[in-house]
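K.L.:
I have a structure I would like to understand better, so I am pasting it below and will then ask my questions one at a time.
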Amino acid sequence: TFTLVNDGAAVLLSDSKVACTPNKPTKKKINNFAVSTDKADYKLSFKINPEQLTSATIELKTVTCDPGFTRVCPSGAAGACPGDMFNFCPYHGSPPDAADTWACACLPTRMLELDVYEGINPLGECHGECVCLSGSVQAIMSKQKPAFHGPGDMPSYCNN
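Using the numbering used here, you'd call the opening residue of the sequence shown number 1440 and step up by one each time.
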């Protein structure tokens, strides 16, 4: 069993682990073992009995969106995002210490732009978590807001 923790760019060996059953064979080494998930491909090297993850690499899979849609991904630990994305925290929030684990999604660009302009999470008005957004929509953050812009706090009817 593998427990793999990453920060969006690298596997965190100190937080990741490998567990093998049964307890035999002992003192074996595995190099460049490939593991694939819906989010990433990993290459792992580890020892068996006693178990120790000795090295790991990660290659994140990129979600490609059709025209008119924009990629939205979970925020990595401390707000880390893939190179072509930026971290967006609604309601003046802060990036999480640990990475979120949901899969990237493609949302309609126009709706995403309106949400970002208003400071609302594109996943929904009651979502307060930070997200990574495609860099192509970052310019909307600089658009001048009207003088009587609404509050920047999460609506009271949201059960945070």
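Backbone N, C-alpha and C define an ideal beta-carbon position, used for all residues, glycine too.
The model shown is predicted, which means the values in this text are computed figures rather than measured ones.
1) For the putative contact between ILE1538 and ASP1446, defined by C-beta atoms under 8 Å, what is the C-beta separation to the nearest angstrom?
2) Could you compute how far the alpha carbon of GLU1568 sits from the alpha carbon of GLN1491?
3) Can you tell me the Cα-Cα spacing of LYS1467 and ALA1517, whole angstroms?
4) Under three-state DSSP, which class holds LEU1483?
5) Alpha carbon to alpha carbon, how far is ALA1544 from VAL1457?
6) Whose C-alpha, out of LEU1553, PRO1561, LEU1562, is nearest the C-alpha of SER1581?
7) For LEU1551, which residues from the same chain have a beta carbon less than 8 Å from its beta carbon, with the 5 sequence-adjacent residues on both sides left out?
8) Please classify GLY1515 as buried or exposed, where buried requires at least 16 neighbouring CB atoms within 10 angstroms.
9) Look at ALA1473 and LYS1482 and say whether their C-beta atoms are less than 8 Å apart.
10) Of the residues LEU1499, ASN1462, PRO1464, which one's Cα is nearest the Cα of ASP1480?
11) Measure the C-alpha to C-alpha separation of LEU1443 and GLY1574 and round it to an integer number of angstroms.
12) ALA1449: which of PRO1529, PRO1521, PRO1547 sits nearest, CA to CA?
13) Would you tell me roughly how many angstroms separate the C-alpha atoms of THR1496 and ILE1469, rounded to the nearest one?
14) Going by C-alpha to C-alpha distance, which of THR1548, VAL1555, ARG1549 sits closest to HIS1531?
15) Pull the bridge partners of THR1509 from the DSSP assignment, please.
P.N.:
Put simply:
1) The question names Ile, yet the displayed sequence has Ala at residue 1538. Between ASP1446 and ALA1538 the Cβ distance is about 6 Å, and since that is below 8 Å, they are a contact.
2) 33 Å
3) 36 Å
4) strand
5) 29 Å
6) LEU1553
7) THR1509, VAL1511, PRO1561, LEU1572, VAL1576
8) buried
9) yes
10) LEU1499
11) 27 Å
12) PRO1521
13) 14 Å
14) VAL1555
15) LEU1546
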